[in-house]
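Numbering (the numbering used here), first residue to last: 627 to 1177.
Step one of this worksheet: look at the structure below.
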C-alpha cells in the first residue's frame, strides 16, 4: 500500500676507426676475399655479442626493479565483529555496512554460519575463530578438529573468502590450563586444511595479549615470559614453517593507563612529539614516536631472542574506547577518534616500525559495533566505530588519506526501512511521517519521481529518510518504533533523489576507510608499481637509443 495524499633499417655495423683497428690484427698473407669474409664475420659476431649484452642489461634492470618494487605486501586495516549487542544487526545488515564502508577484512570471534553465508560472494577476506571453550576438544582430538574445519571452513569456501583461522584468543593469559594443548589444536586444524588442500590459502595462528612480552621497553630488551617457552617455541616453529604470522593484540590505551603517568597521552595517541620527547632505545638508537610501534617491535625482538627473525606480526586487535566511567577520564570520543584515525593512517601508509620500516603491520580495529552487553567498566561497552543501528559513534579524521570509508567528514548517512520490518508497522510509521511528522511526501504521489516502486517499503524508506534529514540526523530520528535503521548507502534510484543525497546513486566516495588504497585485493595498481613501471620504460628507451647510436 502506497502513501496517498487524501497521495595503440637497418643498423650500421661498427664505425670506421673500429674497422681499422680490427683490420690491423688480421694477417696480411690472407687473400682479400678471405679478409673480407673474415672481417664481415667478425662484424656480425661483434654485432651479435653487443645485442646480447644489451638484452642482458635490459632484463637485468627489469628483474631488479621487479624485485625491489614488492618487498612486502601492502598493509590493510580490518575490523573485529563482536556479537555482545542487545539489538544485533542481521547478517545481511552487517554485510551491507561492511560493503558501504569498503571494509575488505573482517575477523569473527567464532564461525557463525549465517554471517559466513551472508559474506559469500562479497570478496571480503574473513578470519574465523575457534572459541576458547572449544579449544580443549579440538586440541585433544584430530577427528574433532577435522569436523570443525569441515563444518566451519570447507562448507563455506570458496564462496566465502576465508583466509585465516584464529585458534583461541589470548589463551596463555586468559585460559592457561589450555595452553599445553594450544599447539596440538593448531596442528590438528592444519592437518585438516592440508587434507582439504586449503593450507596454502588459509593461515593459522593464535592471538596473544601483549602482556606475554616482558621488559618491553626498550623494545630491544623484550622477551617472552619464559614460563611459556614450551608453548611459544613450537608455536613459532609452526608459524615459520607455514608462512604464517604472530598474532598480537596491542592496546596503547591500557599501556597508558597502567603506566602511572610514565607514558604521555600524546605518545599513546600517535600525536606528533618534539624530537626531544621521543622515546629512544639506548641499545639500538631507534626512535619511537608512539606506543603501538614500540609494542610491535618488542614482539619482533622477543622472537629474535628465541632465534626467530622472519615471522611477521599481525595485530589482531587495537583501538580506543569512546566512553568510560569516572575512573576512565581518557575514554572519550575525541581520544578514540584521534587514536583510530591516526592508527588507520599509520598502517595504510606502510610506515612499518623503526626496527622494520616499510614492512606491513596489518591491523584489525577493535571493533565494528559497541557491545552493550559486555560486563565490566563502561569502557568495555564502548570500543565500537558504530552503534548497532549503523550510525557512526564518531566521524574519523582521515580527509586526504586517499581512501574510502563512509564514516567520513561529510557524515552522509540515510534512514531506511529494516529488511524484516512488519508491513503494518511500516504503513503506520509512513502515515505518521507524512502527517504529524510534517514530511513533504508529495514526491510519492502517482506520476511523481519517487512514486515507483509503488510499495510500502519503498515509500516508507523515502519518508523515513526525509524526516531523518529534516531533523538534522538527530539521535532517535531514525527509529520509527524499531522499523528503521541508518545506512551509509544512498537509497536514491533512477530520477528519485533522496533528501541528503548528493545526486548520485550508491555509496559515496569519502575521506575515511578501512580498505587500503593500493591493495591488490581491491583491483587497484599500487603507486609503487606505477612509478616502477615508468622508470622501467625509461631504461628500455635508453637501451634502444644506445643501440641505435653505437651500431
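All residues carry an ideal CB built from backbone N, CA and C; glycine is no exception.
Put simply, the backbone Cα of residue 1060 is about 7 Å away from that of residue 1066. Within the same chain, 793, 794, 797, 801, 804, 807, 808, 811 come within 8 Å of residue 761 by CB-CB distance, once the 5 residues on both sides are set aside. In the structure shown, residue 1005 adopts helical secondary structure according to DSSP, grouped into three states.
Every beta strand (DSSP E) of 3 residues or more that sits fully in the stretch 730-805 is shown, in chain order, as 731-734, 751-756, 787-793.
Taking all protein chains shown into account, residue 1018 has 16 or more neighbouring C-beta atoms within 10 Å of its C-beta and is therefore buried. Straight-line spacing of the CA atoms in residue 916 and residue 876 works out to 12 Å.
If you check the CB distance, residue 846 and residue 919 do not come in under 9 Å. Between the stretch 706-726 and the stretch 760-778, the count of C-beta pairs closer than 8 Å stays below three; the two stretches do not touch. CA-CA distance, residue 1021 to residue 1047, rounds to 28 Å.
Setting aside the 5 residues that flank it on each side, residue 892 is surrounded in the same chain by 899, each with a C-beta closer than 7 Å to its C-beta; the list follows chain order. Rounded to whole angstroms, the gap between the alpha carbons of residue 1073 and residue 1092 is 19 Å. Residue 819 is a Cβ neighbour of residue 775, given a cutoff of 9 Å. Here residue 855 carries a helix assignment [DSSP, helix/strand/coil].
Of the other Cβ atoms in all chains shown, 16 or more fall within 10 Å of the Cβ of residue 733; this residue is therefore buried. Residue environment for residue 913: exposed (fewer than 16 other C-beta atoms within 10 angstroms of its C-beta).
By the 16-neighbour rule on beta-carbons within 10 angstroms, residue 931 is exposed. Of the residues assessed, residue 852 falls on the exposed side of the cut-off, its CB having fewer than 16 other CB atoms within 10 angstroms.
In this chain, the alpha helix (DSSP H) harbouring residue 965 covers 959-974. Rounded to whole angstroms, the separation of the alpha carbons of residue 856 and residue 864 is 13 Å. DSSP links residue 1110 through a beta bridge to 1043. In this structure, the beta-carbon distance from residue 945 to residue 966 falls below 9 Å. Here residue 888 is exposed: its Cβ has fewer than 16 other Cβ atoms, across all protein chains shown, within 10 Å. For residue 726, DSSP records no beta bridge to any residue.
In the three-state DSSP reduction, residue 829 falls in the strand class (E or B). In this structure, the alpha-carbon of residue 937 lies about 7 Å from that of residue 870.
The beta carbon of residue 1049 sits closer than 6 Å to the beta carbons of 1082 from its chain, once the five residues preceding and following it are set aside; these are given in chain order. Beta bridge pairing from DSSP links residue 706 with 733. In the DSSP assignment, residue 815 falls outside any beta strand (DSSP E) and lies within the alpha helix (DSSP H) extending over 808-821. In this structure the stretch 835-850 does not lie against the stretch 772-789, because fewer than three pairs of beta carbons, one per stretch, are closer than 8 Å. Assignment of residue 879 by DSSP, reduced to helix, strand and coil, places it in the helix class. Counting of Cβ neighbours within 10 angstroms places residue 981 among the buried residues, the total reaching 16 or more.
In this structure, DSSP gives residue 1012 an extended state, which the three-state scheme calls strand. For residue 929, the three-state secondary structure derived from DSSP is helix.
Out of 843, 958, 969, the CA that lies nearest to the CA of residue 926 is found in 843. Here the C-alpha atom of residue 952 lies approximately 11 Å from the C-alpha atom of residue 958. Less than 9 Å divides the Cβ of residue 711 from the Cβ of residue 998.
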